[in-house]
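**Q** Chains as they are written, first to last, in the numbering used here: chain A, 33 to 422; chain B, 33 to 422; chain C, 33 to 422; chain D, 33 to 422. The C-beta atom is built at its ideal place from N, Cα and C for all residues, glycine as well. If you're wondering where the values come from, they're calculated on a predicted model, not measured in any experiment. My questions will all concern the structure given below.
There are 4 protein chains.
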Amino acid sequence: MFQNKIPRNNEDDYTLEAAAARREFLKEKTGVALQQVGQFSTDPQAVSGNCENFMGMIQMPVGVAGPVLINGEYAQGEFYVPLATTEGTLIASYSRGMRAITECGGIKTTVAEDIMQRSPGYKFADARQARDFAQWLDDNFAQIKEQADSTTSVGKLIFIQHWSMNRCLYTRFNFTTGDAAGQNMVSKATDRACKWIAKNYPGEILDYTFNSNTETDKKHSQMHMIHTRGKRVIAELVLKKEVMQGLLRTTAQNLMNARNFSNVGAAISVPAYNGPHSANGIASLFIATGQDEANVVESHAGNVYTEALPNGDLYWSVTLPAIIVATFGGGTGLPTQRECLEMMDCYGKGKAKKLAEIVAATVVAGDISISSAAQAGEFVNSHEKYGRNR
Amino acid sequence: MFQNKIPRNNEDDYTLEAAAARREFLKEKTGVALQQVGQFSTDPQAVSGNCENFMGMIQMPVGVAGPVLINGEYAQGEFYVPLATTEGTLIASYSRGMRAITECGGIKTTVAEDIMQRSPGYKFADARQARDFAQWLDDNFAQIKEQADSTTSVGKLIFIQHWSMNRCLYTRFNFTTGDAAGQNMVSKATDRACKWIAKNYPGEILDYTFNSNTETDKKHSQMHMIHTRGKRVIAELVLKKEVMQGLLRTTAQNLMNARNFSNVGAAISVPAYNGPHSANGIASLFIATGQDEANVVESHAGNVYTEALPNGDLYWSVTLPAIIVATFGGGTGLPTQRECLEMMDCYGKGKAKKLAEIVAATVVAGDISISSAAQAGEFVNSHEKYGRNR
Amino acid sequence: MFQNKIPRNNEDDYTLEAAAARREFLKEKTGVALQQVGQFSTDPQAVSGNCENFMGMIQMPVGVAGPVLINGEYAQGEFYVPLATTEGTLIASYSRGMRAITECGGIKTTVAEDIMQRSPGYKFADARQARDFAQWLDDNFAQIKEQADSTTSVGKLIFIQHWSMNRCLYTRFNFTTGDAAGQNMVSKATDRACKWIAKNYPGEILDYTFNSNTETDKKHSQMHMIHTRGKRVIAELVLKKEVMQGLLRTTAQNLMNARNFSNVGAAISVPAYNGPHSANGIASLFIATGQDEANVVESHAGNVYTEALPNGDLYWSVTLPAIIVATFGGGTGLPTQRECLEMMDCYGKGKAKKLAEIVAATVVAGDISISSAAQAGEFVNSHEKYGRNR
Amino acid sequence: MFQNKIPRNNEDDYTLEAAAARREFLKEKTGVALQQVGQFSTDPQAVSGNCENFMGMIQMPVGVAGPVLINGEYAQGEFYVPLATTEGTLIASYSRGMRAITECGGIKTTVAEDIMQRSPGYKFADARQARDFAQWLDDNFAQIKEQADSTTSVGKLIFIQHWSMNRCLYTRFNFTTGDAAGQNMVSKATDRACKWIAKNYPGEILDYTFNSNTETDKKHSQMHMIHTRGKRVIAELVLKKEVMQGLLRTTAQNLMNARNFSNVGAAISVPAYNGPHSANGIASLFIATGQDEANVVESHAGNVYTEALPNGDLYWSVTLPAIIVATFGGGTGLPTQRECLEMMDCYGKGKAKKLAEIVAATVVAGDISISSAAQAGEFVNSHEKYGRNR
């Protein structure tokens, strides 16, 4: 059984030949030639850490939005933002929002926290032993940290959260990870710490899991909203009355009405994000810049908060508690992705917070644009104009 | 103000020249040449409905996993699954899971529901008027449906849900949409229906929003888990004792222990998905096949349910309530993406449920593989072997 | 084993003697005489359907708040509201809120829905059989309803919701129940329906549960917020500028600021109620009127929504989706409880919606009072003045 | 306006005469005499800190369940548990569960955490100032604690949590409170701390709220599940095969099937408690012992976790993260309530954790009893036998 194995070249599987052999195999099995998938400029060696059974490249169209004027602590000035998407109107809409932001004098961005987790779980004979283990973790934090930190020059174990549930103790190891997204870094560090714990804890541990589901890697969770995963970024600006009336064809009152509807609707549906559509901009920017494509599910969580000001302006903010981005490693070094990072001067070390600020500014651009369109009755029309019928 | 406008060709903006002009403009503004972004085989005309301010193509590596034996109502037989990713180990892990599924005799997939929504909100002078409007919607459903259905040959308005909140009525218009993901189709249909409502409702509507946040388009929400968005797909199989012990190096008991940890952890963190990592496979398959890249946030929601069987086997299932996929329109027709659909015989009309079944099978493959690895202590090691340090 | 059995009188266990015998027994076992518990005016026969192992009466202090002017569809005019509580300041605060409401011209109350549920669950060989069973339920609704409705002259089965999860079908049978809270009524009706289903369904049901946790009886749940349990009641009023400045010593702006804090805080903590404190008034009114004391956990859920009006007034509303009240049966006929219902003309048939409206008005009274106090810095002081130190 | 004021005796409002005057007033206003409400043995002076506008006593029937054998750290031995209720079958069911527990050799209870909160919120000019304020709170914790702790001999400020949301900082001040429930104690302490902060913080605070809704006093919230409010108590036992087959007429497999249904149902409905019915026992025990009657909404939250053991036994546990109880102050000193505390030796200082353990044991008793009944098909019948039709 299990014949039909996909061909693999044990000497070097990341060559044009190895990719072609797989396409040929698939042609035999499925009758489909994969000709376009086989046309690409990227050197297969470049994807050797990114993609097993490599057979070619998906070409995803990328456009540019902007410029958006950002007054961040890391991102400062006007940015052109690359967005990879197949959804018509998306870039046009984000671009309009960026123009509105820029016309209002820019957007202020702040990274409030920066932290990455793994969450081992431990099972004991009873709840008291679980509680005692929690105390032991607290008492031995320095040594646990020493073990964890020994595995990386960048990551640092900052604190360990823990929860008693039945006879188990659920933990959440919190690290700083520099400019890496850090999931692998904290895996190694936590793994080392857990081995030390297993060896040194005087009590008896009945069972253990490396991931007890309190970190929720690659999954949205309320935990992220509360305790941050990756970067907690806040973007805020005052939308000026003139810009709302001019470019956006709306008013502070109209936008507040839409926000009120949306916020009460959120009490019914309990969405990960109470604003219009964070995921569109984040997914497009993540793909363009070689981020882990699945992290959009965590990063799209957030809270939009607005206030009408007495002069007719509107304070608009977004809090994004789980922006997970990297500026080196992973897919960031692939040729096209790297160029997209470079056009924002976001490639390499020391740039992750800058990129996170740009992500947050992008989210606001998309939200104010679509909110205004919906109020102005343009939503359906603009999709008809730009988008294919789906 | 707002100088530096991105160049646009008003006659035809989807040409190699127009894209090159934008890259040239960006080189001036940012100093970055975007040479790789400019190397692609796709005809720019092909992206005219997908990507404004088009400047080139992101090359995203795509590999293949499988074959996975699926016993669906639409997907039947062995499938090779294209996965676009930059995360090392992902494809290797999904492939191992697919092999486990196939060795167990395949996976059964079922589409339990298929539905797409828009959610207008209405405001009245008081709660009684909102409640009366709800009654009027029920009483006039046939005419509202007639209006909505007149905008599309495919979509059908099936039912309208509504909620009284303060003096507003929140609604959720539910449609079938054939093989399109359907967001735009239901926008048009709902827009038409709302115009008819506005003209014909005898009472006074104080305010209106096209999206009251009970559909949560491009956002995970509990509403999706309860009421489905897109396709509600269930995949289930019996993992055989021998396959667990052999290929997966684990046992039913070990996997149940991991599931128990994970399920109680979910009571703390409230994740969108209680299993290991639906988003990885879904994001990769979505990108490879030209799905809307942001829909992964909705589609990754779900519930894994397992039962240890007396003979040492393990019943494993996943319920995915919001799989949003299309097999024509949007990005599905782009050359590389279309090939990836075709290799699963999933391109064109009549294929959306088949693709949804493949998505669900893929999710299970990833989950059983990573769950086994975590139990067998391989997780960190395999990331070190395949993945770059991040 | 299990000696020390509590004495029971098999002929008639609801007599002064039987109660005294139990107190005597407990005195022997615990050394505590329970003298005060044994002093009561209620006839023990009156509690024969309410309290097994009856040993006496808890005396819970009851005060009165009001009058509150209600402009309901069922409750019309000024009401004095009995509140049983041991929390100092509670009644004073609710009374102040009621005065504010009355000074503003009263509060408008609306019952938007009225419905009670049971939620059987069914397990099948696979997900397809579960889905087919859902279709069968829909197709045979008329007969299922006939069975359910045959058990009660009051309750009517209105519709059945169902959800496919793994290979199970989760259902939620929705009934109207007249003026009873209705949990027992719908139990009997659903039980009868399920027996008919078991006999008549042509497929094979592998397992069955009477309560699959989608009704969440005696538990708060998001399901209640979405789909109502008991009565969905909305109370709304315009707080007048003068009343806010006078009696409440605050302004619309101050109250909006507090609501804004509270609403964003709710995005972090995900409370059952985003307003200040629904549970205080509801618990006190429920105990005073013989409601099921545990139903406060469901009934306290809700959403407060406010809007500052241009003239300095404030629109304030609450939506309470799960007010579960009865005006006959259960504890409502006990002597002191009945008097408390009677003083609001809420005892007996045809009064349940009236009582629900009074509950909602009471909740608003408590919220506007404590919100104003918090803004005016009175909160801690008033607790010091009225409440014991705890 | 606002005539009809409820009479008040400014010299001493807690006398039989003052109460009678109010009943007389209400008789005039409502036509209802309140004769039974006026019959009570409690000295009105005793309620002077509990109930403004005092007019009499609600008589709530109280029965006894047990004995239940508890192997706690504070509660040790057999306990008879007083339950005040008007719901027929409740006490019979809890008593049966207690007998099952005792026949199995008792239940182990553990208090894992003990903590009470207030949650001031602060608003600033922008998010950076909010973040900087968070840092200042951390840096000045010792002085803030000194201020808070100076207001009480019992309470101690342990740590301050904080969250950046838009331009606000949400905080949660965590205290130990000894044997008081502690809400008022922590109000005073936090108020003092906030006054010190207001005076000493060098930056500009734009707005402030005493309760920013991250403590969710008197409201269930996910925050409680994660971070505990009051006492986090775990109760666990091994249900023996013989007891399940004998007294409970069920098996481990049957109970596991019911738990599986319930747990997946919880993924749909998101209840505060995934088990059968914590609120019934908690409400009844709270009322019998003079607890704050509204705290049941917080205390009913929890997680039931079970495991079938190879020998046919069943591990059953409950984790209750927000048990809020007091053994002095509030309503605990009222005559009947005090007797109920005394019969469990739970009155006065040093008894709160003991009472919390009894609460948790009671919850398990109710859950295993009703779960067994539901499996054995007894649920509807027992309600018909014992309960009035509602």
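#1: Gly120/D by DSSP, collapsed to three states: which one?
#2: Suppose only complete runs of 3+ residues qualify. What are the beta strand (DSSP E) ranges in the stretch 58-130 of chain D, listed by chain order?
#3: So, with DSSP's three-state summary, where would you put Thr194/D?
#4: Applying the 10 Å Cβ sphere with the 16-neighbour rule, what's the burial state of Ser125/C?
#5: Flag Ile390/D as yes if its beta-carbon sits less than 8 angstroms from any beta-carbon of chain C, otherwise no.
#6: With a threshold of 16 other CB atoms inside 10 Å of the CB of Phe111/B, please say whether the residue is buried or exposed.
#7: Among the candidates Ile266/A, Val395/A, Tyr233/A and Val113/A, whose CA atom is the shortest distance from the CA of Tyr154/A?
#8: Alpha carbon to alpha carbon, how far is Ile319/C from Gln369/C? Give it in angstroms, no decimals.
#9: According to DSSP, is Val270/D part of a helix, a strand, or is it coil?
#10: Pick from Lys37/C, Ala354/C, Glu49/C and Thr394/C: whose alpha carbon is nearest that of His252/C?
#11: Under 8 angstroms, Cβ to Cβ, is there at least one residue of chain C near Asn421/B?
#12: Have a look at Ala144/C, Gln71/C and Phe360/C and flag the residue whose alpha-carbon is nearest the alpha-carbon of Glu389/C.
#13: Determine, using beta-carbon pairs with one atom in the stretch 327-345 of chain D and one in the stretch 306-316 of chain D, whether at least three such pairs fall under 8 angstroms.
#14: I'd like to know if Ala116/C contacts chain D, where contact means its C-beta is closer than 8 angstroms to some C-beta of that chain.
#15: I'd like the list of long-range same chain contacts for Asp211/B, defined as Cβ closer than 7 angstroms, with 5 residues on each side in sequence excluded.
#16: Can you grab the Cα-Cα spacing for the pair Gly70/C / Ala107/D, in whole Å?
#17: Would you call the CB atoms of Glu371/A and Val329/B closer than 8 angstroms?
#18: Determine the contact status of Thr208/A and Asp146/A, defining contact as a CB-CB distance below 8 angstroms.
#19: Which class does Arg420/A belong to by DSSP, given the choice of helix, strand or coil?
#20: Between Ala97/C and the rest of its own chain, which residues show a CB-CB distance below 6 angstroms, the 5 nearest in sequence each way excluded?
#21: At 3 residues or longer, what runs of the beta strand (DSSP E) sit wholly inside the stretch 312-345 of chain D?
#22: If you reduce the DSSP assignment to three classes, tell me which class Val265/D lands in.
#23: Is any beta-carbon of chain D found at less than 8 angstroms from that of Cys83/C?
#24: Taking C-beta to C-beta, are Val100/B and Ala267/B nearer than 8 angstroms?
#25: Report the residue from Met148/A, Asn216/A, Gly344/A and Gln215/A whose alpha carbon sits nearest the alpha carbon of Val270/A.
#26: Give the range of the alpha helix (DSSP H) segment to which Ile176/C is assigned.
#27: According to DSSP, which residues form a beta bridge with Lys155/D?
#28: Do the stretch 195-202 of chain B and the stretch 154-164 of chain B make contact, defined as three or more Cβ pairs closer than 8 angstroms?
#29: Please report the distance separating the alpha-carbon of Asn245/D from that of Phe293/C.
#30: Going along the chain, which residues of its own chain have a beta-carbon closer than 8 angstroms to the beta-carbon of Arg54/A, five neighbours each way excluded?
#31: Which same chain residues end up closer than 6 angstroms to Ala298/A when comparing Cβ atoms and leaving out the 5 residues on each side of it in sequence?
#32: Please tell me whether Ala397/C and Ile176/C are closer than 8 angstroms, where the distance is taken between their beta carbons.
#33: Any Cβ of chain C within less than 8 angstroms of the Cβ of Asn306/A?
#34: Could you work out which residue in Gly313/A, Thr62/A and Ala50/A is closest to Cys378/B when comparing CA atoms only?
#35: Using 8 angstroms as the limit for Cβ to Cβ distance, is Gln193/B near chain D?
#36: State yes or no: is the C-beta of Thr118/B within less than 8 angstroms of the C-beta of Asn82/A?
**A** Let me spell this out:
#1: Position 88 of the fourth sequence, counted from the first residue, corresponds to residue 120/D. Of the three classes helix, strand and coil, the one that applies to Gly120/D here is coil, per DSSP.
#2: 86-103 and 108-116
#3: Residue 194/D sits at position 162 when you count from the first residue of the fourth sequence. In the sequence as presented, Thr is not what sits at residue 194/D; that position holds His. Strand at His194/D.
#4: Numbered from 1 along the third sequence, position 93 holds the residue referred to as residue 125/C. Ser125/C is buried by the Cβ-count criterion.
#5: Counting from 1 along the fourth sequence, the entry for residue 390/D is found at position 358. For Ile390/D, the answer is no, since every Cβ of chain C falls outside 8 angstroms of its Cβ.
#6: Your numbering for residue 111/B matches position 79 in the second sequence. Burial call: buried.
#7: Numbered from 1 along the first sequence, position 122 holds the residue referred to as residue 154/A. Selected option, being the one with the closest Cα: Tyr233/A.
#8: Residue mapping note: residue 369/C aligns to position 337 of the third sequence, counting from 1. Residue mapping note: residue 319/C aligns to position 287 of the third sequence, counting from 1. Their Cα atoms are separated by approximately 8 angstroms.
#9: Working through the fourth sequence from its first residue, we reach residue 270/D at position 238. Looking at Val270/D - three-state DSSP - the assignment turns out to be strand.
#10: As a first step, residue 252/C must be located in the third sequence, where it is residue number 220. Nearest option by C-alpha distance: Ala354/C.
#11: Numbered from its first residue, the second sequence carries residue 421/B at position 389. With a pLDDT of only 37 at Asn421/B, under the threshold of 50, the placement of this residue in the model should not be trusted, and no figure is reported.
#12: Position 357 of the third sequence, counted from the start, is the residue given in the question as residue 389/C. Comparing Cα-Cα distances from Glu389/C to each of Ala144/C, Gln71/C and Phe360/C, the minimum goes to Ala144/C.
#13: yes
#14: On the third sequence, residue 116/C is found 84 positions in, with the first residue counted as 1. Yes, Ala116/C counts as interfacial toward chain D.
#15: Numbered from 1 along the second sequence, position 179 holds the residue referred to as residue 211/B. Ala358, Thr359, Phe360, Lys381, Gly382, Lys383 and Ala384.
#16: Residue 70/C sits at position 38 when you count from the first residue of the third sequence. Residue 107/D sits at position 75 when you count from the first residue of the fourth sequence. Rounded to the nearest angstrom, the two C-alpha atoms are 26 angstroms apart.
#17: The residue given as residue 371/A occupies position 339 in the first sequence. The residue given as residue 329/B occupies position 297 in the second sequence. No, they are not a contact pair.
#18: One-based indexing of the first sequence puts residue 208/A at position 176. One-based indexing of the first sequence puts residue 146/A at position 114. For Thr208/A and Asp146/A, yes; Cβs fall inside 8 angstroms.
#19: Within the first sequence, numbered from 1, the residue matching residue 420/A stands at position 388. Model confidence at Arg420/A stands at a pLDDT of 41, short of 50, so the residue's coordinates are unreliable; what they give is reported in the following sentence. DSSP places Arg420/A in coil when its eight states are reduced to three.
#20: Sequence index remark: in the third sequence, residue 97/C carries index 65 (1-based). Correct list, in chain order: Val113, Leu115, Ile123, Tyr126, Ser127 and Met130.
#21: 335-340
#22: In the fourth sequence, counting from the first residue as 1, residue 265/D sits at position 233. It is a strand residue.
#23: As a working mapping, residue 83/C is identified with position 51 in the third sequence. With 8 angstroms as the cut-off, Cys83/C counts as an interface residue toward chain D.
#24: Counted from its first residue, the second sequence places residue 100/B at position 68. Counted from its first residue, the second sequence places residue 267/B at position 235. No, these two residues do not count as a Cβ contact at 8 angstroms.
#25: Position 238 of the first sequence, counted from the start, is the residue given in the question as residue 270/A. Closest option to Val270/A, Cα to Cα, is Gly344/A.
#26: Position 144 of the third sequence, counted from the start, is the residue given in the question as residue 176/C. Its alpha helix (DSSP H) spans residues Phe173 to Asp181.
#27: In the fourth sequence, counting from the first residue as 1, residue 155/D sits at position 123. The partner list for Lys155/D (beta bridge, DSSP) reads Cys200/D and Asp239/D.
#28: yes
#29: In the fourth sequence, the residue the question calls residue 245/D occupies position 213. In the third sequence, the residue the question calls residue 293/C occupies position 261. Going by the C-alpha atoms only, they are around 7 angstroms apart.
#30: Taking the first residue of the first sequence as position 1, residue 54/A is located at position 22. Around Arg54/A: Ile38, Pro39, Asn85, Phe86 and Met87.
#31: Residue 298/A sits at position 266 when you count from the first residue of the first sequence. Asn306, listed in sequence order.
#32: Residue numbering aside, residue 397/C sits at position 365 when the third sequence is read from its first letter. Residue numbering aside, residue 176/C sits at position 144 when the third sequence is read from its first letter. Contact flag unset, no.
#33: In the first sequence, residue 306/A corresponds to position 274, counting from 1. It does: the Cβ of Asn306/A has a partner Cβ on chain C nearer than 8 angstroms.
#34: Numbered from its first residue, the second sequence carries residue 378/B at position 346. The option with the nearest alpha carbon to Cys378/B is Thr62/A.
#35: As a position in the second sequence, residue 193/B is number 161, starting the count at 1. False, the Cβ-Cβ gap to chain D never drops below 8 angstroms.
#36: Stepping through the second sequence from its first residue, residue 118/B is reached at position 86. Stepping through the first sequence from its first residue, residue 82/A is reached at position 50. In contact: Thr118/B and Asn82/A (Cβ atoms closer than 8 angstroms).
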